[in-house]
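Below is one structure, written out as structure tokens, with a few remarks after it.
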Amino acid sequence: MVAVNRSAIVVTPNQPFLDWLHAVDPTSSELKLADLSIEPTIYLIPECEAPEDVVECLRDVCDEIFQDQLDGWHRVRAVWPTDRSYETFCRWFDYSFHSVLLDLG
3 MVAVNRSAIV VTPNQPFLDW LHAVDPTSSE LKLADLSIEP TIYLIPECEA PEDVVECLRD
63 VCDEIFQDQL DGWHRVRAVW PTDRSYETFC RWFDYSFHSV LLDLG
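So the sequence shown is numbered by our numbering: it starts at 3 and just counts up by one.
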């Protein structure tokens, strides 16, 4: 077992994401928030030791994560929200931080 010198965040969509998806993709009308959270995405980020480190890192990468989440559900970039700031990210997604990663492979 090897400790990985990285941290991770698990990202799950919130209601604003689902509302957007329903508005841009009529085929998604039956989806519920729970459906979007069945298999959340885990992102490796630089090692963070304090909550303020996580926020600083997220401010740097939130647009990239935001785009990945949007692309995973609807690939038409023309209808993606243009405001993908950290503040918007925090409304559209929940995240949990994990500082201990162990590689069993």
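Beta carbons: idealized from backbone N, C-alpha and C, even for Gly.
Among the options, the one whose alpha carbon lies nearest that of residue i
i, options, result
"Val6", "Glu66, Trp75, Ile47", "Ile47"
"Pro53", "Trp82, Tyr97, Leu104, His24", "Tyr97"
Per-residue DSSP class, three states only, for residue i
i, result
"Leu33", "coil"
"Asp85", "coil"
"Arg77", "coil"
"Ile40", "coil"
"Val26", "helix"
Min CB distance residue i to chain C below 8 Å
i, result
"Pro28", "No chain C is present in this structure, which holds just one protein chain."
Integer-rounded CB distance, given that residue j should sit under 8 Å from residue i
i, j, result
"Pro15", "Trp94", "7 Å"
"Val13", "Pro42", "6 Å"
"Phe99", "Ile44", "Not quite, the Cβ-Cβ distance comes to about 11 Å (not below 8 Å), so this is no contact."
Exposed unless 16 or more other CB atoms sit within 10 angstroms - verdict on residue i
i, result
"Ser9", "buried"
Worksheet item: Given 8 Å as the limit, is there contact between the region 59-66 and the region 12-24, that is, 3 or more CB pairs closer than that?
Response: no
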